[in-house]
Amino acid sequence: MKKILEVKNLSVESRESKKKILENISFEVDENSIYALVGPNGAGKSTLAYALMGAPRFRIIAGKIIFENKDITKTSIEKRAKMGIALAFQEPAYFENIRVKDFLKVGNKDISEKEIEKTLSLVGLDPKVFLNRKVNRQLSGGERKRIEFASIIAMKPKLMILDEPDSGLDIIIYREFYNILENIKRETKSSIILITHREEIGAICDKAGLLYKGKIIDEGDFRKVIREYCQIVNRKKICKGFKE
Ligand SMILES: Nc1ncnc2c1ncn2[C@@H]1O[C@H](COP(=O)(O)OP(=O)(O)OP(=O)(O)O)[C@@H](O)[C@H]1O
Ligand SMILES: [Mg+2]
Numbered sequence: 002m003k004k005i006l007e008v009k010n011l012s013v014e015s016r017e018s019k020k021k022i023l024e025n026i027s028f029e030v031d032e033n034s035i036y037a038l039v040g041p042n043g044a045g046k047s048t049l050a051y052a053l054m055g056a057p058r059f060r061i062i063a064g065k066i067i068f069e070n071k072d073i074t075k076t077s078i079e080k081r082a083k084m085g086i087a088l089a090f091q092e093p094a095y096f097e098n099i100r101v102k103d104f105l106k107v108g109n110k111d112i113s114e115k116e117i118e119k120t121l122s123l124v125g126l127d128p129k130v131f132l133n134r135k136v137n138r139q140l141s142g143g144e145r146k147r148i149e150f151a152s153i154i155a156m157k158p159k160l161m162i163l164d165e166p167d168s169g170l171d172i173i174i175y176r177e178f179y180n181i182l183e184n185i186k187r188e189t190k191s192s193i194i195l196i197t198h199r200e201e202i203g204a205i206c207d208k209a210g211l212l213y214k215g216k217i218i219d220e221g222d223f224r225k226v227i228r229e230y231c232q233i234v235n236r237k238k239i240c241k242g243f244k245e
């Protein structure tokens, strides 16, 4: 299996506070696969997402990031985006009053109207209804979430990093959310790193890693990793059904 991403012995600190947040992280993501990253609050999941994207507020103090066989450890965030890495933030910016179709062009100005329509369909939104709607507070939470997804898909990244895209998603039935991810995987051939707390996601993940106190302490089949996770945290809702 070809690798889209190889992370080798990566250690990361906050540039501002010099606090070491990630230590000796190693993992690989296969092409066209979904890699789930789980771990308790504060484990370092978002930091890892930012470090992979190349956000300047984190500094790589050791190790390497290899994307499509190229060493991007020192590559700027802009270049990484151009190379095909996209990050959906845990708390995305609020774009007031841009039309949906223009919002989808922000990350890819060359995208055709037809592709925009296809992208909206992929996330389960009727293009006829949504192309010209404004991205504002009148959209429901679920609709906003779908549009955020669509904006990432529109960039046609080779690797998308989704930081807890399912948080605050009560509105969408989870199954539908997984369908969207499966659509993305099938139709776009993108690889996905999915930061999530949801056990239900297991069915569509090819592999999972458990991040704890800045280290990957377990890796492999999602159910196995979630079981390990449940040993660490005591969150009844997530861990229900995963006790030995
Ligand atoms: N710029 C920073 N300076 C100092 N500490 C930071 C900085 N950014 C994050 N941290 C700390 O690093 C740790 C990891 O944070 P991070 O946001 O990566 O966790 P997380 O796994 O995404 O958690 P959550 O599940 O709550 O989103 C936390 O203890 C956090 O307070
Ligand atoms: Mg986080």
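Heads up, my numbering is the position in the sequence shown plus 1, with the first residue counted as 1.
We put the beta carbon where it would ideally sit given N, CA and C, even for glycine.
Small disclaimer: the values here were computed from a predicted structure and weren't measured.
C-alpha gap between residue i and residue j, whole angstroms
i, j, result
"Tyr230", "Val30", "20 Å"
"Asn133", "Lys9", "44 Å"
"Leu211", "Arg224", "11 Å"
"Glu183", "Ser34", "10 Å"
"Ser12", "Val136", "38 Å"
"Pro158", "Thr197", "20 Å"
"Gly55", "Glu177", "31 Å"
"Asp164", "Ala44", "13 Å"
"Leu160", "Leu126", "23 Å"
"Arg145", "Ala209", "27 Å"
"Ala155", "Ser122", "12 Å"
"Glu149", "Lys21", "31 Å"
"Ser141", "Asn98", "14 Å"
"Lys65", "Arg147", "33 Å"
"Leu105", "Val130", "15 Å"
"Ala204", "Arg187", "15 Å"
"Phe59", "Leu6", "19 Å"
Environment of residue i [buried if 16+ CB atoms lie within 10 Å]
i, result
"Ile227", "buried"
"Glu14", "buried"
"Ser191", "buried"
"Met2", "exposed"
"Val101", "buried"
"Val107", "exposed"
"Ile1", "Residue 1 lies beyond the range of the chain shown here (2 to 245); nothing can be said about it."
"Val124", "buried"
"Pro166", "buried"
"Gly215", "buried"
"Ser152", "buried"
"Arg199", "buried"
Any non-hydrogen atom of ligand 4 within 7 Å of residue i CB
i, result
"Glu165", "Looking for ligand 4 in the displayed structure turns up nothing; the ligands present are ligand 1 and ligand 2."
For residue i: DSSP bridge partner residues
i, result
"Gly221", "Ala209"
"Ile35", "Ile193"
"Glu29", "Glu7"
"Asp103", "According to DSSP, which records beta bridges pairwise, Asp103 is partnered with nothing at all."
"Glu14", "Lys21 and Arg60"
Notebook entry, point to check: Where the beta carbon is closer than 5 Å to any heavy atom of ligand 1, which residues qualify, in chain order?
Noted result: Ser15, Ser18, Lys20, Ile22, Asn42, Gly43, Ala44, Gly45, Lys46, Ser47 and Thr48
Notebook entry, point to check: Quick one: complete alpha helix (DSSP H) runs, 4+ long, within the region 108-177?
Noted result: 114-123, 128-131 and 142-155
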